[in-house]
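Okay, so here's the structure we're looking at.
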Amino acid sequence: MELEQLNKSQIVLLTLLVSFVTSIATGIVTVSLMEQAPKDITRVIQKTVVRTIEKVAPPEIQTKIITREKTVVVSDSDLIANAVELNTPSIVRIYTVGEEPTFVALGTVISAGGVVATDASKISKEETYTIESLGTSYNASVMRVEDEKQIALLVLEDTDTVPRPASISVTRSKLGSSVVLLSGLEQVVVARGLITELGKGIFNTDIDSDKILPGAILINTDGNVVGMSTANSRKVSDSWFIPARGILTLLNTPEENIESPNNDQTPTASSTLQQA
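Residues in the sequence shown are numbered from 799 upward in steps of one, following my numbering.
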């Protein structure tokens, strides 16, 4: 059969066959020539290939790290919930010792040594007390009493473990600041409020006085204790509190340096209302 008599399909198949045979023959010839070539020529070819690869390939592969920033909005209620959870283990209840223990006041653990701060008007220096904290009972005795601000410090006795101490704020409270009351006769009761008035050594809140027990504390949204209810603050009204920094002052002051005036020398309501 002559080429002029082939149709299109046959021409295409013939072309593919010729190309295939040609490529095989070229490969065989190339391999044979490489085997027969001198070593120096082979070495030059290998170096050329290596250099070509070095030029084409990048010197280093750099990884690009994409950082995505996500903004998390923390609400005021979340801050309060965390602050309450942080301070709940530090709140204790003080009872008399006897066959029928009587509730005395709330207290707050303020040091790792087991020191508890509370309202001094409910505490007798000669008595011992039982401290209840999260189902655990402790014996406690009076460490010292400061009559002017009516703060009493008790210390837990004969125990290797103490409740977690609270963090006491050392800064002055600001008018309009958010505060949270931690109170409750049998379990923690929470009430939210604002500081509405600043006096000399005390400050007022808009918290319902019915929820405030002796020794109840105020915390801020950072979880720090900012105030405590004592007899001195309640001379004005039950919604008034003393600043918590006075508790730290009493804790860190040597006992011989404490000046405790008599009860009849305690500042009156009118004098405590003078602006600080």
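Every residue, glycine too, gets a C-beta built ideally from N, C-alpha and C. Computed from a prediction, not measured in an experiment: that's the story for all the values here.
Rounded C-alpha distance that separates residue i from residue j
i       : j       : result
ILE851  : LEU814  : Any reading at ILE851 is ruled out, since the residue's pLDDT is 47, under 50, leaving its predicted position unreliable.
ASP945  : ALA879  : 34 Å
ALA903  : SER873  : 33 Å
VAL978  : THR928  : 26 Å
ASP1004 : THR934  : 33 Å
LEU951  : SER875  : 32 Å
ILE809  : VAL819  : 16 Å
VAL914  : GLY905  : 6 Å
SER1031 : ALA918  : 12 Å
SER817  : SER830  : 20 Å
LEU1046 : GLU897  : 34 Å
ASN805  : LEU811  : 10 Å
THR1051 : ILE908  : 14 Å
PHE901  : ASN885  : 21 Å
SER931  : LEU973  : 33 Å
ASN1002 : LEU877  : 22 Å
GLN948  : ALA1029 : 6 Å
GLY912  : ARG942  : 14 Å
ASP1008 : GLU867  : 46 Å
THR894  : GLN985  : 18 Å
GLY1013 : GLY1025 : 10 Å
ASP1006 : SER975  : 17 Å
GLU995  : ILE1017 : 17 Å
PRO899  : LYS920  : 14 Å
VAL826  : GLN834  : Rather than Val, the amino acid found at residue 826 in this sequence is Ile. Their backbone Cα atoms lie some 12 Å apart in a straight line.
ILE1056 : LEU1048 : In this predicted model, ILE1056 has a pLDDT of only 48, less than 50, meaning its place in the structure is not dependable; the value taken from the coordinates is given anyway. Cα-Cα distance, rounded: 8 Å.
THR824  : SER807  : 26 Å
THR926  : VAL987  : 26 Å
Delimiting residues of the alpha helix (DSSP H) encompassing residue i
i       : result
ASP1075 : Nothing can be reported for residue 1075: it is not among the residues displayed for the chain, which extend from 799 to 1074.
Residue of the options minimising C-alpha distance to residue i
i       : options                              : result
LYS1033 : LYS923, SER931 and GLY999            : GLY999
ILE993  : ILE1040, GLN834 and ASN1030          : ILE1040
ARG1043 : ALA1014, GLY1013, ASP1006 and SER965 : SER965
ILE889  : ARG990, PHE1001, SER981 and GLY1021  : SER981
ARG891  : LYS806, LEU983 and SER1037           : LEU983
ARG970  : ASN937, GLY997 and VAL987            : GLY997
ALA910  : VAL960, LEU932, ASP1036 and VAL1024  : VAL960
VAL940  : LEU884, PRO1012 and SER922           : SER922
VAL882  : THR894, ILE1015 and THR1051          : ILE1015
ALA1109 : GLU955, LEU811 and ILE949            : With the chain covering only 799 through 1074, there is no way to say anything about residue 1109.
GLY991  : GLN948, GLN985, THR828 and TRP1038   : TRP1038
ILE1010 : SER976, GLU833, SER975 and SER1027   : SER1027
ARG962  : GLY1021, VAL1023, ASP1020 and PRO887 : PRO887
THR1019 : THR894, ALA989 and ASP1036           : ALA989
THR957  : TYR936, SER967 and VAL968            : TYR936
SER967  : VAL987, THR926, GLY1021 and THR916   : GLY1021
VAL1023 : ASP1036, ALA823 and THR916           : THR916
Residue i - containing beta strand (DSSP E), residue span
i      : result
ALA910 : Careful: ALA910 lies outside any beta strand (DSSP E) and carries neither H nor E.
Cross-strand partners of residue i (DSSP beta bridge)
i      : result
ASN937 : THR928 and GLU955
LEU814 : Looking at the DSSP assignment, LEU814 forms no beta bridge with any residue, so it has no partner.
VAL890 : GLY905
VAL950 : Sequence check: residue 950 is Ala here, not Val. In the DSSP output, where bridge partners are listed per residue, ALA950 has THR916 and VAL943.
What residue ranges within the region 962-1049 form continuous alpha helix (DSSP H) runs of no fewer than 4 residues, ordered along the chain? 1029-1032
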